[in-house]
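Quick note: the sequence shown uses UniProt numbering, first residue 1, plus one each step.
The beta carbon of each residue, even a glycine, is placed where N, CA and C say it ideally should be.
One structure below.
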Amino acid sequence: SEREDNYIWALERLKTIMQDDILPTMIVTDRELALMNAIEKIFPSATNLLCRWHISRNVLANCKKLFETNERWEAFNSSWNVLVFSATEQEYIQHLTLVYVKQTWLDKYKEKFIAAWTDFIMHFGNMTTNRAETAHSKLKRQLCSSQGNFVTLWTKLYSLVELQHTEIKASFEKSLTTVQHSFTPSVFKELRGLVARNALDMILSESKRANLIGIDISACGCVVRHTHGLPCAHEIGEYKREDLVCTSYEKSAELSCTPKMEMIIKSFEDSDGFGKMQIKRKLKELTDPSSTFLIEPTIKDKTRGRPSQKLDKSTRRDPSRFEYVVSAQDNHSPNIMSSSTTTKKPKGQRKMSVSQTKAPKHASYIDSFPFGLRPYICGVSDVVADGNCGFRAVANLIGIGEDSWAQVRKDLVIELQSHFNDYKRVFEYAGRAEEVLHSLLYFENNPGREYWMTMPEIGHIIASKYNVVLLHISDVLNLTFLPLRSIPLSRSSHKIIAIGFVNRNHFIEVFMLPASPIPPIANSWIKYHEPCAEGWATPYKTNIIAFKDLVFEVTTQETIDLASQ
Numbered sequence: 001s002e003r004e005d006n007y008i009w010a011l012e013r014l015k016t017i018m019q020d021d022i023l024p025t026m027i028v029t030d031r032e033l034a035l036m037n038a039i040e041k042i043f044p045s046a047t048n049l050l051c052r053w054h055i056s057r058n059v060l061a062n063c064k065k066l067f068e069t070n071e072r073w074e075a076f077n078s079s080w081n082v083l084v085f086s087a088t089e090q091e092y093i094q095h096l097t098l099v100y101v102k103q104t105w106l107d108k109y110k111e112k113f114i115a116a117w118t119d120f121i122m123h124f125g126n127m128t129t130n131r132a133e134t135a136h137s138k139l140k141r142q143l144c145s146s147q148g149n150f151v152t153l154w155t156k157l158y159s160l161v162e163l164q165h166t167e168i169k170a171s172f173e174k175s176l177t178t179v180q181h182s183f184t185p186s187v188f189k190e191l192r193g194l195v196a197r198n199a200l201d202m203i204l205s206e207s208k209r210a211n212l213i214g215i216d217i218s219a220c221g222c223v224v225r226h227t228h229g230l231p232c233a234h235e236i237g238e239y240k241r242e243d244l245v246c247t248s249y250e251k252s253a254e255l256s257c258t259p260k261m262e263m264i265i266k267s268f269e270d271s272d273g274f275g276k277m278q279i280k281r282k283l284k285e286l287t288d289p290s291s292t293f294l295i296e297p298t299i300k301d302k303t304r305g306r307p308s309q310k311l312d313k314s315t316r317r318d319p320s321r322f323e324y325v326v327s328a329q330d331n332h333s334p335n336i337m338s339s340s341t342t343t344k345k346p347k348g349q350r351k352m353s354v355s356q357t358k359a360p361k362h363a364s365y366i367d368s369f370p371f372g373l374r375p376y377i378c379g380v381s382d383v384v385a386d387g388n389c390g391f392r393a394v395a396n397l398i399g400i401g402e403d404s405w406a407q408v409r410k411d412l413v414i415e416l417q418s419h420f421n422d423y424k425r426v427f428e429y430a431g432r433a434e435e436v437l438h439s440l441l442y443f444e445n446n447p448g449r450e451y452w453m454t455m456p457e458i459g460h461i462i463a464s465k466y467n468v469v470l471l472h473i474s475d476v477l478n479l480t481f482l483p484l485r486s487i488p489l490s491r492s493s494h495k496i497i498a499i500g501f502v503n504r505n506h507f508i509e510v511f512m513l514p515a516s517p518i519p520p521i522a523n524s525w526i527k528y529h530e531p532c533a534e535g536w537a538t539p540y541k542t543n544i545i546a547f548k549d550l551v552f553e554v555t556t557q558e559t560i561d562l563a564s565q
């Protein structure tokens, strides 16, 4: 029963187990008036924020029916999201043109969820109740039934809390023992192993901003300082200007090798004859790298198949069958430039000549893809590796530019929110849609792993939002994603884009040759697409069969979460 006195009793019990100096300063809830009143009475000094996700669902439920077409609704919903993320009160006033949301949410509660106000409250990024919703979902799956007794409930709840505590300790331990490449510069020397990696990510992002804005407070905004208690960009700029951040190893103690040399000498004196020879050999390699004793491994001869009896003197490869058949590039292939000229040609489709194609710029990335598929990849393009790489790659491929990655996030948020119940069925387990929405609602540089693009879920959203055929290629997951609800276009109008997942932590753009084999269609599309979208899969049956002949079946499974790799 959601009565105010029940909430007061529960919050009083919670307060009794807290110390006076660790009482909450910020609490996120949905708009449950009884709960909000109880919080104001029991924790009067705490700021009560409202869950943005619940508000967006309420707007959807009450506003969508007022629009005649889905396009008008999406335009309205996009304006609403722009309003919610207004950075200043002036921007908020400029965006304030809505009626229902103004009367229901903004007049009374704008300070509780609009960024112009919440960015001055230390909420550590908790602007939704998704974390609690996810915990509830896990508990419900653990309980299996609502008909248990108190003993059963307590036992399972205790086990779940213990597991969560173990995961938290493991994440702390990972921060202590693992050093990411981004945090190797000397400015992080005193922080490594003492500060959580998520906090280091935010400091790194602010440090990069400091290089652009210097000590300009107005340009900084100080959001990170207010919301997370971490140094913001202009503060870091001041530290650098006043030389409070150690950026070089100028201390003689740090550069001295005397203690190490003494240790080597002691080890040398304590060793037998053979040990002394080994130490001398290593020292010689250090002082004279050309004298290394390492030998380059020999290349194994190919023993598979019958050796050819004909002497092949050619240095040019034979064109593949599809290169004879297709004379022009498809719309998902990159512009192929002639190696014999540096003059830029107008954009558009060009004739393809096998002898004139350049080698891919990032050939090592192609080696990360299934072996049988590599001949059909004509190039890849890298993007900035800042945690938004997946969204950067998509932004480039749809033609709005890599730096528009935040727009891609916003587009996908709108798509997911607009068809939330549909995607809950597609994702197939309780709570996953909320988790995906949480991962998309991040618009800063260098996000933590929980905000990275995850497949296969986001693949469905991309294909449906932009009405494209999306190929995902990697050594762990190969799938094709099709639009879930739209009427198929003619085959010549299909826009095919491909992204690759390499090194288990980075997305890149991939360009396939025309008529290439493509991965199998995602099972969730086959099960849950609308009847009007049936024809999307028809043109690709032979391409999928060719793919299956080339690539092991294990790489087409659809149960891999790339963020966990």
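Rounded to whole angstroms, Pro-520 and Lys-548 show a C-alpha spacing of 8 Å. One Cα belongs to Ser-418, the other to Ala-533, and the distance between them is close to 18 Å. Going by DSSP, His-529 is part of no beta strand (DSSP E) at all; its letter is neither H nor E.
Going by beta carbons, Val-469 and Lys-495 fall inside the 8 Å limit. The three-state reading of DSSP puts Gly-500 in strand, counting E and B together.
The C-beta of Glu-509 has 16 or more other C-beta atoms within 10 Å across all chains shown, which makes the residue buried. By alpha-carbon distance to Pro-539, the top candidate from Thr-480, Asn-523 and Asn-503 is Thr-480. For Ser-186, the secondary structure class from DSSP, reduced to helix, strand or coil, is helix. Beta bridge pairing from DSSP links Leu-83 with no other residue. In the displayed model, Gly-448 falls within coil according to three-state DSSP, outside both helix and strand.
Segment contact: the segment 221-228 against the segment 119-133, three or more CB-CB distances shorter than 8 Å; contact assigned.
Inter-residue distance for Pro-488 and Asn-467 is about 9 Å (C-alpha atoms, whole angstroms). For the options Ala-498, Asp-367 and Tyr-423, the alpha carbon positioned closest to that of Phe-391 is the one of Ala-498. With respect to the C-alpha of Asn-58, the residue from Phe-85, Gly-387, Trp-80 and Ala-38 having the closest C-alpha is Trp-80.
Distance check between Gly-372 and each of Phe-85, His-506, Ser-474 and Asn-198 places Ser-474 closest, using alpha-carbon atoms only. Counting C-beta pairs closer than 8 Å gives three or more between the segment 107-114 and the segment 48-64, which meets the contact rule.
A direct Cα-to-Cα measurement between Gly-148 and Asp-30 gives close to 28 Å. Following the DSSP letters along the chain, one finds Glu-509 inside the beta strand (DSSP E) bounded by residues 506-512.
For Val-28, the enclosing beta strand (DSSP E) has its first and last residue at 26-29.
With a contact defined as Cβ atoms closer than 8 Å, Pro-231 and Ile-203 qualify at about 7 Å.
With the rule of 3 Cβ pairs closer than 8 Å, the segment 12-31 does not count as touching the segment 369-384.
The C-beta distance from His-460 to Leu-484 rounds to 6 Å, short enough to fall under 8 Å. For Cys-378, the enclosing beta strand (DSSP E) covers residues 377-381.
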